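A quick write-up on the structure given underneath.
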Amino acid sequence: MLKWATLKWVAGRDVQGASWGFGLVTCLGVFAAWVRLLPWMFARDMPSAVIWPFARVLLASGLELALQVGVPLGWLVGWILAVERGELRALGALGLRPSGLAWRSAVGLSALALCVACATRLLSGPVDSAPSRVLSEFVTAGQRFCDGHPGEVARIPVGGLVEHCDSRRVVGRIPGSRPAWFAISDPRQVSSSEFELGASEWLVQSADDRWIHVDVGRVRVRGFVAPKAMVRGWGRTLGLAASGGLMAWFLLPLLHTLRSRGVLVVCALTSVLGVVVLKEVDRRALPSIAYGLLPILACLGWISALLLDRLQTRLLSR
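The opening residue of the sequence shown carries number 0 in numbering that gives the first Met the number 0; numbering runs sequentially from there.
Structure (structure tokens):
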């Protein structure tokens, strides 16, 4: 009976603290996404079908940020308040060990983090796959807009692309040091790493400031970074869930130290560093196994908190 009551109390404490942190950071993320999308929402030449894929990416990023930062910080603040109120001291008097308490909390946080990570993966859609698929979705949305709006122009919120509805060509600038422009038609994804273009025109400025005009009938672009969407998506999901669950071991230094501020600072730094690592793995398109750095960072974080606890104890004992 006592064991069941303890489990129920621990689960309630975990959900309450993590929900406050998750909700607060999610609201901030949604507000930031809304501010980012506001100019496009009121733009007449920006079809809503083109805006939604980008909005989905922003919302998914906000959920990931809430999972990496909001959940552990909200959860830890809730436990700090429980320590200050003496609730954990009462559980310790009943024979509950700190390691058992951390383990129970780790199971609950892992389940919560797994649910949020799965929801983020479903919301992000093709973002976990090759960039060509994302570009293909934007272009397809622009073509659907042009089907019902002949004679207009549809802007695509990726690299300043514009789709001319009469010619059915996508116009944009090639990123680089020298000016280069393109007008392509009938873009089609051949494979996860190849993109095929129809009749296209390319305008490039040479080294001697002369313009070179190239008119081609068919172009195939290769070299898109294309990690396997299924493997990468689940690698990302499991990495986020494991990272969230391992944050529960911050309870060990929290229960021993006399100053909880240091544990909170280490937890915050670990969470922010996890966000940076996650974005770098995505940007560099590293192998899916690189998402294993997230739980490793969580382990290093609470080990650092333990060492800080030991250092504080030695300083106070002198």
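In this text, a Cβ means the ideal position worked out from N, Cα and C, and glycines have one as well.
If you're wondering where the values come from, they're calculated on a predicted model, not measured in any experiment.
For Val169, count the other beta carbons within 10 Å of its own beta carbon; 16 or more makes it buried, fewer makes it exposed. Which is it? As a first step, residue 169 must be located in the sequence shown, where it is residue number 170. With 16 or more other Cβ atoms within 10 Å, it is buried.
Trp201 bridges to which residues according to DSSP? For the purposes of this step, residue 201 is taken as residue 202 along the sequence shown, with counting starting at 1. Beta-bridge pairing links Trp201 to Phe181 and Val213.
Hey, could you find the ends of the beta strand (DSSP E) Leu250 is sitting in? Against the sequence shown, residue 250 aligns to sequence position 251. Element bounds for Leu250: not the beta strand (DSSP E) but the alpha helix (DSSP H), Leu250 to His255.
Is it right to say Asp13 is buried, meaning 16 or more other beta carbons lie within 10 angstroms of its own, or is it exposed? Your numbering for residue 13 matches position 14 in the sequence shown. With 16 or more other Cβ atoms within 10 Å, it is buried.
With 16 as the cutoff for other CB atoms within 10 Å, does Asp127 come out buried or exposed? Mapped onto the sequence shown, residue 127 falls at position 128. In this predicted model, Asp127 has a pLDDT of only 42, less than 50, meaning its place in the structure is not dependable; the value taken from the coordinates is given anyway. With 16 or more other Cβ atoms within 10 Å, it is buried.
C-beta contact flag for Leu296 and Gly273 at 7 Å: Looking up residue 296 in the sequence shown gives position 297. Looking up residue 273 in the sequence shown gives position 274. Result yes, Cβ atoms of Leu296 and Gly273 sit closer than 7 Å.
Residues in its own chain within less than 8 Å of Leu111 by CB, not counting five upstream and five downstream? Position 112 of the sequence shown, counted from the first residue, corresponds to residue 111. So the qualifying residues of the chain are Asp13, Val14, Ala17, Val70 and Gly243.
Start and end of the alpha helix (DSSP H) containing Arg103? In the sequence shown, counting from the first residue as 1, residue 103 sits at position 104. Segment Pro97 to Ser123, the alpha helix (DSSP H) holding Arg103.
Answer yes if the segment 278-292 comes into contact with the segment 70-88, meaning at least three C-beta pairs across the two stretches below 8 Å, and no otherwise. no
If contacts are defined as beta-carbon pairs under 8 Å, then Val68 and Val24 qualify, I think. What distance do you get, rounded to the angstrom? Here residue 68 is taken as the residue at index 69 of the sequence shown, counted from 1. Here residue 24 is taken as the residue at index 25 of the sequence shown, counted from 1. Going by Cβ atoms, the distance from Val68 to Val24 rounds to 6 Å, so yes, they are a contact pair.
For a cutoff of 7 Å on Cβ pairs, would you count Arg282 as touching chain D? Of the protein chains in the structure, only one exists, and it is not chain D.
Indicate whether Ile183 and Ser199 have their beta-carbon atoms separated by less than 7 Å. One-based indexing of the sequence shown puts residue 183 at position 184. One-based indexing of the sequence shown puts residue 199 at position 200. Yes, they are a contact pair.
Pick from Leu58, Ser166 and Leu72: whose alpha carbon is nearest that of Ala116? Reading the sequence shown from its first residue, position 117 is the one you call residue 116. Closest by alpha carbon: Leu58.
I need the DSSP call for Ile288, collapsed to helix, strand or coil. One-based indexing of the sequence shown puts residue 288 at position 289. If DSSP states are grouped into helix, strand and coil, Ile288 belongs with the helices.
Burial state of Pro178, where buried means 16 or more other Cβ atoms lie within 10 Å: Numbered from its first residue, the sequence shown carries residue 178 at position 179. Per the 10 Å Cβ criterion, exposed.
Output needed for Ser98: all residues of its chain with C-beta closer than 8 Å, excluding positions within five of it in sequence on either side, in chain order. Against the sequence shown, residue 98 aligns to sequence position 99. Excluding sequence neighbours, Ser98 sits near Leu251.
Consult DSSP for Glu279 and reduce its assignment to one of helix, strand or coil. Looking up residue 279 in the sequence shown gives position 280. In this structure, Glu279 counts as helix in the three-state DSSP scheme.
Where do the N-terminal and C-terminal ends of the alpha helix (DSSP H) with Val76 fall, by residue? Taking the sequence shown and counting its residues from 1, one reaches residue 76 at position 77. Taken as a continuous stretch (DSSP letters only), the alpha helix (DSSP H) holding Val76 covers Val70 to Glu83.
Contact set for Ala118: own chain, Cβ-Cβ below 6 Å, skip 5 residues either direction: Working through the sequence shown from its first residue, we reach residue 118 at position 119. Taken in chain order, the list of residues that qualify is empty.
In the DSSP assignment, find the unbroken beta strand (DSSP E) run with Ala153 in it and report its ends. By 1-based counting over the sequence shown, the position of residue 153 is 154. Run containing Ala153: Val152 to Ile155, per the beta strand (DSSP E) assignment.
Quick check: the Cα distance between Ser303 and Val264, rounded to an integer number of angstroms? As a working mapping, residue 303 is identified with position 304 in the sequence shown. As a working mapping, residue 264 is identified with position 265 in the sequence shown. Answer to the nearest angstrom: the Cα atoms are 11 Å apart.
What are the boundary residues of the alpha helix (DSSP H) that includes Arg172? The residue given as residue 172 occupies position 173 in the sequence shown. It is not in any alpha helix (DSSP H) - Arg172 instead sits in the beta strand (DSSP E) that spans Arg168 to Arg172.
Beta-carbon separation of Gly197 and Asp208 under 7 Å? Along the sequence shown, one-based indexing puts residue 197 at 198. Along the sequence shown, one-based indexing puts residue 208 at 209. No, these two residues do not count as a Cβ contact at 7 Å.
Alpha carbon to alpha carbon, what distance is there between Leu66 and Gly77? The residue labelled residue 77 in the question sits at position 78 within the sequence shown. The residue labelled residue 66 in the question sits at position 67 within the sequence shown. Using only the alpha carbons, I get a separation of about 16 Å.
Same chain, Cβ closer than 7 Å to Cys164, neighbours up to 5 away in sequence not counted: Here residue 164 is taken as the residue at index 165 of the sequence shown, counted from 1. Taken in chain order, the residues that qualify are Cys145, His148, Pro149, Gly150, Glu151, Val152 and Ala153.
To the nearest angstrom, how far is it from the Cα of Trp51 to the Cα of Gln142? As a first step, residue 51 must be located in the sequence shown, where it is residue number 52. As a first step, residue 142 must be located in the sequence shown, where it is residue number 143. When rounded, the distance between both Cα atoms is 15 Å.
First through last residue of the beta strand (DSSP E) which encompasses Leu160: Residue mapping note: residue 160 aligns to position 161 of the sequence shown, counting from 1. Looking at the DSSP string, the run of the beta strand (DSSP E) that includes Leu160 is Leu160 to His163.
Identify the residues that DSSP records as bridge partners of Arg187: which are they? The residue you call residue 187 lines up with position 188 of the sequence shown. DSSP lists Glu195 as partners of Arg187.
Taking the DSSP output, what are the residues bridged to Arg219? Locating residue 219 in the sequence shown gives position 220, counting from the first residue. Paired residue(s): Glu195.
Exposure label - Trp33; buried when at least 16 CB within 10 Å: Sequence index remark: in the sequence shown, residue 33 carries index 34 (1-based). That one is exposed.
Helix, strand or coil for Phe41, going by three-state DSSP, please let me know. In the sequence shown, the residue the question calls residue 41 occupies position 42. Of the three classes helix, strand and coil, the one that applies to Phe41 here is coil, per DSSP.
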